[in-house]
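In full-length UniProt numbering, the protein residues as written are 1 to 467.
All C-beta atoms in this analysis are idealised placements derived from N, C-alpha and C, irrespective of residue type, glycine included.
Bear in mind the structure is a predicted one, so any value in this text is a computation, not a measurement.
Down below is the structure, laid out as structure tokens.
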Amino acid sequence: MRKRLERHVNWNIARRKAIVTPQWLRDSVESGQLLPCGRYAALGDLYEETVKNCPDASDGSHCQAFPEDGTAHRIESELTERKYHSEKDTQIRYHHRYACMRHSPLICPNQGLVEKLAILRRHREIEGFDMQSLSYERVISVLKAFPYHITLDNIHEVSELPHIGSKICSKIQEFIQHGDISECKSILSGTRYHSLVEFTTVYGIGPATARNLYSLGLRTIKDLENHYKVSPQTRDDIAKSLNVNFTKRLPQLSIKVGLALREDLRSRIPRSEVEEIHGVVMNELANIRSGCVSTITGGYRRGKDESNDVDIVISHKDLKSGGDQVKGLCAHLVKRLHDKGLVTHVMHLSGFREPNALRTTHGDSLEKALTVFILPDDKKQKHVHRRLDLIFAAPEVYWTAVVGWTGSKMFERDLRLWAKQERGMRFDSSGISRRHDSKLYFPNSEQEVFELLGLEWIHPTLRNADL
Ligand code: DCT
Ligand code: MG
Numbered sequence: 001m002r003k004r005l006e007r008h009v010n011w012n013i014a015r016r017k018a019i020v021t022p023q024w025l026r027d028s029v030e031s032g033q034l035l036p037c038g039r040y041a042a043l044g045d046l047y048e049e050t051v052k053n054c055p056d057a058s059d060g061s062h063c064q065a066f067p068e069d070g071t072a073h074r075i076e077s078e079l080t081e082r083k084y085h086s087e088k089d090t091q092i093r094y095h096h097r098y099a100c101m102r103h104s105p106l107i108c109p110n111q112g113l114v115e116k117l118a119i120l121r122r123h124r125e126i127e128g129f130d131m132q133s134l135s136y137e138r139v140i141s142v143l144k145a146f147p148y149h150i151t152l153d154n155i156h157e158v159s160e161l162p163h164i165g166s167k168i169c170s171k172i173q174e175f176i177q178h179g180d181i182s183e184c185k186s187i188l189s190g191t192r193y194h195s196l197v198e199f200t201t202v203y204g205i206g207p208a209t210a211r212n213l214y215s216l217g218l219r220t221i222k223d224l225e226n227h228y229k230v231s232p233q234t235r236d237d238i239a240k241s242l243n244v245n246f247t248k249r250l251p252q253l254s255i256k257v258g259l260a261l262r263e264d265l266r267s268r269i270p271r272s273e274v275e276e277i278h279g280v281v282m283n284e285l286a287n288i289r290s291g292c293v294s295t296i297t298g299g300y301r302r303g304k305d306e307s308n309d310v311d312i313v314i315s316h317k318d319l320k321s322g323g324d325q326v327k328g329l330c331a332h333l334v335k336r337l338h339d340k341g342l343v344t345h346v347m348h349l350s351g352f353r354e355p356n357a358l359r360t361t362h363g364d365s366l367e368k369a370l371t372v373f374i375l376p377d378d379k380k381q382k383h384v385h386r387r388l389d390l391i392f393a394a395p396e397v398y399w400t401a402v403v404g405w406t407g408s409k410m411f412e413r414d415l416r417l418w419a420k421q422e423r424g425m426r427f428d429s430s431g432i433s434r435r436h437d438s439k440l441y442f443p444n445s446e447q448e449v450f451e452l453l454g455l456e457w458i459h460p461t462l463r464n465a466d467l
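As structure tokens, then:
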């Protein structure tokens with residue numbers, strides 16, 4: 001498709017070439033000569049150009065432009081069909097200011113560049129320069145949606161994209177010319193960045209704590225383990241030491257426990273395990289309440305091969321009584337999972353000791369549990385601890401919760417901004433309302449959420465507006 005080709009090759013360049021399928025190469029090798037390109041045209045849109053630009057074909061007259069096997073006819077009808085599609089009115093534009101108006105694939109044509117810029121962003125974040133970090137997040141988000149490989153030929157177009165300033169442009173230019181950015185090299189050559197990044201891999205350590213620990217002279221995870229008295233011998237006991245008491249205030253997950261769980265929690269979760277965890281959780285839930293529905297959201301839904309955690313949004317299929325059916329269910333399920341040894345740690349549980357927390361007013365219609373979960377060991381493998389987030393939504397806000405928890409982060413940020421600035425609405429995962437009179441909206445599908453916000457629906461795998 002034209003769109004897909006344009007992610008790799010500028011359209012104006014493509015029009016000066018013959019764009020053929022790999023079969024042209026195979027057949028040409030086999031026949032020992034460069035074959036006419038027309039019948040191998042990869043894109044209907046470029047059929048004429050492919051015939052004209054065929055190697056050794058100055059005017060294309062010797063090309064077999066209309067083979068007898070009907071290829072030409074097929075290409076011609078494809079051409080008409082594509083023309084129709086390209087004329088279809090769409091709001092999606094890669095140069096749009098809001099990420100929720102752009103298509104952002106998981107891997108983009110400028111992935112190498114984006115990964116370098118992500119180091120600069122992380123550096124700002126970890127040093128506490130939040131505004132600068134956000135600026136980089138915006139730049140990354142815009143570049144994630146840029147469908148062409150960036151070169152010196154089209155950098156001018158990049159410089160005109162939203163959120164791209166002259167400083168960033170010179171960094172992009174540096175990357176094009178040298179394959180690297182000197183500031184990245186200098187950040188990576190010191191110990192500070194590496195230490196701070198390592199420290200934040202411990203649950204409970206954010207950038208500010210990481211900087212404090214660094215200022216104490218600590219540099220490595222080993223230093224942290226000595227500081228917090230965690231050793232390979234005591235690690236397992238410490239990991240198990242937190243007993244959740246459901247009648248008292250929940251204990252915070254201490255840095256010590258975070259350190260003991262670090263190896264487990266930092267390892268990525270493959271899709272098959274995400275699905276297995278989801279299956280186990282929903283099985284347990286079915287024993288408490290029948291008729292519940294759920295969606296695995298987060299990075300998994302956006303197509304990531306490996307996730308950092310598992311996010312599940314849960315509701316009830318009965319629109320009328322469903323609100324009551326899920327009320328208090330989050331704490332109930334977490335307690336059951338904990339009793340069975342599946343949930344080992346609970347870091348946050350809303351609705352906890354608040355049985356009437358689930359109201360249907362905006363901002364108050366979700367129950368949430370942030371936990372650590374482990375699948376029972378079996379003969380095949382020993383399982384590791386995983387971060388599991390459970391979000392319970394009343395049926396009328398199920399789809400807003402699914403959209404709000406699908407991400408990515410910048411996509412969500414711009415959804416909220418778009419709703420506020422362009423539509424006079426308030427959007428977050430707990431509901432949609434009109435700002436001037438707080439009128440609540442209850443969409444029945446994900447498509448309806450987008451429609452209500454005046455947006456074109458975007459497939460979850462094209463919502464990867466962050467790295
Ligand atoms: N989210 C958000 N704003 C944040 C953090 C998260 O809107 N500051 C939303 C978007 C994604 C969803 O919550 C789940 O978040 P995470 O689990 O942190 O991220 P993820 O996209 O699922 O990626 P991963 O879990 O693999 O790191
Ligand atoms: Mg996630």
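Checklist entry - Comparing the CB of GLU412 with every heavy atom of ligand 1, is any distance shorter than 7 Å? => result Position 412 of the sequence shown holds residue 412. For ligand 1, at least one heavy atom lies less than 7 Å from the Cβ of GLU412.
Checklist entry - Cβ of GLY165 within 7 Å of any heavy atom in ligand 1? => result Here residue 165 refers to the residue found at position 165 of the sequence shown. Not under cutoff, so the answer is no.
Checklist entry - Using DSSP with H/G/I as helix, E/B as strand and the rest coil, what is ASP389? => result Looking up residue 389 in the sequence shown gives position 389. When DSSP states are grouped into helix, strand and coil, ASP389 belongs to the strand group.
Checklist entry - Counting only runs that start and end within the segment 141-208, where is the alpha helix (DSSP H) found for 4 or more residues in a row? => result For the segment 141-208, the continuous alpha helix (DSSP H) assignments of 4+ residues that do not extend past its boundaries occur at 155-159, 166-178, 182-189 and 192-199, in sequence order.
Item to check | Length of the line joining the Cα atoms of ASP45 and HIS459 | outcome: One-based indexing of the sequence shown puts residue 45 at position 45. One-based indexing of the sequence shown puts residue 459 at position 459. Cα to Cα, ASP45 sits roughly 25 Å from HIS459.
Checklist entry - Mind pulling the alpha helix (DSSP H) runs of 4 or more residues that sit fully within the segment 211-290? => result The segment 211-290 contains these whole alpha helix (DSSP H) runs: 221-227, 235-240, 255-266 and 271-288.
Next on the checklist: Going by DSSP, what residue range makes up the beta strand (DSSP E) through ALA369?
Outcome noted: Residue mapping note: residue 369 aligns to position 369 of the sequence shown, counting from 1. Where ALA369 is concerned, the enclosing beta strand (DSSP E) stretches over 366-373.
Next on the checklist: What residue range does the beta strand (DSSP E) around residue 525 cover?
Outcome noted: Not covered by the structure: residue 525. The range shown for the chain is 1 to 467.
Item to check | Top-ranked residue by Cα proximity to VAL202, from ASP237, ASP389, LEU188 and LEU253 | outcome: Position 202 of the sequence shown, counting from 1, holds the residue named residue 202. Selection ASP237, ASP389, LEU188 and LEU253 evaluated against VAL202 yields LEU253 as nearest (Cα-Cα).
Item to check | According to DSSP, residues forming a beta bridge with SER315 | outcome: The count along the sequence shown starts at 1 and reaches residue 315 at position 315. VAL293, per the DSSP bridge assignment.
Checklist entry - Measuring from the CB of LYS144, is there a heavy atom of ligand 1 at a distance below 7 Å? => result Residue numbering aside, residue 144 sits at position 144 when the sequence shown is read from its first letter. No; taking the cut-off as 7 Å, the Cβ of LYS144 has no heavy atom of ligand 1 nearer than that.
Checklist entry - So what does GLY307 bridge to, in DSSP terms? => result Looking up residue 307 in the sequence shown gives position 307. Here residue 307 turns out to be Ser, not Gly, going by the sequence shown. SER307 is bridged to ILE269.
Item to check | C-beta contact flag for ASN464 and LEU106 at 8 Å | outcome: In the sequence shown, residue 464 corresponds to position 464, counting from 1. In the sequence shown, residue 106 corresponds to position 106, counting from 1. Yes, the pair counts as a contact, with Cβ atoms nearer than the cut-off.
Next on the checklist: Run through the DSSP bridge pairs and tell me what HIS345 is partnered with.
Outcome noted: Here the question's residue 345 lines up with position 345 in the sequence shown. According to DSSP, which records beta bridges pairwise, HIS345 is partnered with VAL372.
Next on the checklist: Suppose the cutoff is 6 Å on Cβ atoms and the five residues either side in sequence are ignored; what does the same chain contact list for LYS185 look like?
Outcome noted: Against the sequence shown, residue 185 aligns to sequence position 185. If we look at LYS185 and ignore the five residues flanking it on each side, it has no Cβ neighbours.
Item to check | The beta strand (DSSP E) enclosing SER31, as first and last residue numbers | outcome: Along the sequence shown, one-based indexing puts residue 31 at 31. For SER31, there is no enclosing beta strand (DSSP E); the residue is part of the alpha helix (DSSP H) that begins and ends at 22-31.
Checklist entry - What residue does the alpha helix (DSSP H) around PHE411 start on, and which one ends it? => result Numbered from its first residue, the sequence shown carries residue 411 at position 411. Looking at the DSSP string, the run of the alpha helix (DSSP H) that includes PHE411 is 409-423.
Checklist entry - Taking the DSSP output, what are the residues bridged to ARG463? => result Along the sequence shown, one-based indexing puts residue 463 at 463. Answer by DSSP bridge pairing, in chain order: SER104.
Item to check | First and last residue of the uninterrupted alpha helix (DSSP H) at GLY323 | outcome: Translated into the one-based positions of the sequence shown, residue 323 becomes position 323. Its alpha helix (DSSP H) spans residues 322-326.
Checklist entry - Got a sec: does ligand 2 put a non-hydrogen atom nearer than 7 Å to the Cβ of GLY424? => result Against the sequence shown, residue 424 aligns to sequence position 424. No, since every heavy atom of ligand 2 falls outside the 7 Å radius drawn around the Cβ of GLY424.
Next on the checklist: For ligand 2, I want to know if GLY299 counts as a neighbour, meaning its beta carbon is within less than 7 Å of at least one of the ligand's heavy atoms.
Outcome noted: As a first step, residue 299 must be located in the sequence shown, where it is residue number 299. Distances between the C-beta of GLY299 and the heavy atoms of ligand 2 include at least one below 7 Å.
Item to check | C-alpha distance - LYS256 paired with ILE238, whole-angstrom precision | outcome: Position 256 of the sequence shown, counted from the first residue, corresponds to residue 256. Position 238 of the sequence shown, counted from the first residue, corresponds to residue 238. Cα atoms of LYS256 and ILE238: separation of roughly 8 Å, rounded to the nearest angstrom.
Next on the checklist: Is SER307 a contact residue of ligand 2, with contact defined as CB to any heavy atom under 7 Å?
Outcome noted: Within the sequence shown, numbered from 1, the residue matching residue 307 stands at position 307. Yes, the Cβ of SER307 comes within 7 Å of a heavy atom of ligand 2.
Checklist entry - LEU358 to LYS327, Cα distance in whole Å? => result Numbered from 1 along the sequence shown, position 358 holds the residue referred to as residue 358. Numbered from 1 along the sequence shown, position 327 holds the residue referred to as residue 327. Its pLDDT being 42, under 50, LEU358 is placed unreliably by the model, and the measurement read from it follows with that caveat. Cα to Cα, LEU358 sits roughly 6 Å from LYS327.
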